[in-house]
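What follows is one structure encoded as structure tokens, with my remarks underneath.
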Amino acid sequence: MLIIKLNATPSTNSFLKKWVQESKAYKSIAVWAEHQTDGRGRMGTKWLSEANLNLTGSVYVGISAHYQNNIFDLNKQVCLAIMDCLMHLKIPELHIKWPNDILSDNKKIGGVLIEPIMRGKKMTGVVVGFGLNVNQEKFDVSLPFAASIKSLTKQKHEIGPLFELIAKNITAAILSDHIDHDRYLRVLYKINEMCDFNTIDGSSFQGKIRGVSPDGKLIVVHENGDSKSYEEKTLAFRAFQNL
5 MLIIKLNATP STNSFLKKWV QESKAYKSIA VWAEHQTDGR GRMGTKWLSE ANLNLTGSVY
65 VGISAHYQNN IFDLNKQVCL AIMDCLMHLK IPELHIKWPN DILSDNKKIG GVLIEPIMRG
125 KKMTGVVVGF GLNVNQEKFD VSLPFAASIK SLTKQKHEIG PLFELIAKNI TAAILSDHID
185 HDRYLRVLYK INEMCDFNTI DGSSFQGKIR GVSPDGKLIV VHENGDSKSY EEKTLAFRAF
245 QNL
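Using my numbering, read the sequence shown as starting at 5 and increasing by one per residue.
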């Protein structure tokens with residue numbers, strides 16, 4: 005795997021997508037930056053990260069035909085691969101908050117952004133962007149539920165080796181084509197627990213998460229017993245409304 009380190013870049017995903025498209029590369033490539041100045045989350049959200057303290061990086065992986073119509077399976081693979089690496093750091097209470105956040109002890113420590121690489125109408129690979137709060141200890145007041153690995157473990161971590169470990173684990177997980185759906189559900193945040201939700205139209209309700217559909221919709225059973233599926237950005241945990 006080719007690993008590229010940048011001092012600064014607006015977006016590691018944008019850098020790597022351009023690299024792959026211009027070079028016609030087909031092997032795994034990874035890039036990380038000490039400072040990402042215009043990081044992106046899913047659906048146009050911003051990823052805020054303090055320079056030199058956190059991990060912001062991306063990995064390109066060519067994919068098999070299995071994933072052509074199963075982009076959410078990739079999301080599962082990536083989140084579980086990151087969690088595997090973090091477990092070795094003794095980070096407490098790790099969970100995946102639908103659809104793409106990594107939580108520890110009810111605090112957000114990371115997120116994932118997957119973007120396809122297309123050749124005509126065929127998806128030939130993906131660029132997986134991920135951010136992790138590593139050594140940052142103070143966060144903006146607009147992020148009350150953010151935390152870092154250091155704040156949780158009381159230990160400072162070297163970012164470069166951590167990035168290389170996660171990048172290789174993500175690549176191996178995607179290339180394996182094995183998706184552990186049961187394990188994903190076991191670590192899904194608040195599954196089978198009564199939670200308060202807000203919807204995009206301003207309404208609120210209580211319900212229990214029962215799972216995630218094959219196309220990535222969150223399945224929630226309302227208090228009255230009705231089961232509904234919600235697309236990304238149409239539903240939020242009330243406590244995490246601004247994340």
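Glycine residues also receive a C-beta, built at the ideal position from the N, C-alpha and C atoms.
M5: first and last residue of the uninterrupted alpha helix (DSSP H) it sits in: Taken as a continuous stretch (DSSP letters only), M5 belongs to no alpha helix (DSSP H), as it is neither H nor E.
So L20 and I7 are supposed to be a Cβ contact under 8 angstroms. How far apart are they, rounded? Rounded, the Cβ-Cβ distance is 11 angstroms, inconsistent with contact.
Tell me whether S15 is buried or exposed, calling it buried when 16 or more other Cβ atoms sit within 10 Å of its Cβ. buried
Specify the secondary structure class of D77 as computed by DSSP and reduced to three states. helix
Which residue from D42, V216, Q140, G124 puts its Cα closest to that of W102? V216
Count the CB pairs spanning the segment 137 to 151 and the segment 106 to 121 that are closer than 8 angstroms, and state whether there are at least three. yes
Backbone CA spacing between N1 and T13 [nearest angstrom]: What the structure shows of the chain is the stretch from 5 to 247, and residue 1 is not part of that stretch, so it cannot be assessed.
Let me know if K158 comes out buried or exposed under the rule of 16 or more other beta-carbons within 10 Å of its beta-carbon. exposed
Return the Cβ separation of C89 and N173 in integer angstroms, given the expectation that the two are a contact with Cβ distance under 8 angstroms. 5 angstroms
Pick helix, strand or coil for V63, following the three-state DSSP scheme. strand
May I have the straight-line CA-CA distance separating S155 from Y188, to the nearest angstrom? 25 angstroms
Taking 7 angstroms as the cut-off, decide whether the C-beta atoms of L117 and G133 are in contact. yes
Give me the DSSP bridge partner(s) of H39. A12
Let me confirm a value: T60 is counted as buried when at least 16 other C-beta atoms fall within 10 Å, else exposed. Which label applies? buried
What span of residues does the alpha helix (DSSP H) with K154 cover, start to end? 153 to 157
Would you decide whether G164 is buried or exposed? Buried here means 16 or more other CB atoms lie within 10 Å of its CB. Flag for G164 reads exposed.
Closer than 8 angstroms by C-beta to V65: which residues in its own chain qualify, once you throw out the five before and the five after it? Chain order, please. S32, G129, V130, V132, I174, T175, I178, L179
List the residues that DSSP assigns as beta-bridge partners of M198. K212
Return helix, strand or coil for N17, following the three-state DSSP convention. In the three-state scheme derived from DSSP, where H, G and I count as helix and E and B as strand, N17 is classed as helix.
Work out the CA separation of E26 and I244 for me, nearest whole Å. Per the sequence presented here, residue 244 reads as Phe, with Ile not at that position. Roughly 39 angstroms separates the two Cα atoms.
Whose CA, out of D184, R214, D205, F209, lies closest to the CA of I195? When C-alpha distances from I195 are compared across D184, R214, D205, F209, the shortest belongs to R214.
Going by C-alpha to C-alpha distance, which of E168, E162, L239, N202 sits closest to I86? E168
On a CA-only basis, which of N56, Q40, T41, S62 is nearest V24? Give me that one, please. S62
Could you tell me the boundaries of the alpha helix (DSSP H) in which I95 lies? No alpha helix (DSSP H) contains I95, which DSSP labels as neither H nor E.
Strand pairing of P120, partner residues [DSSP]: V130
So, E38 versus N56, is the Cβ gap smaller than 7 angstroms? yes
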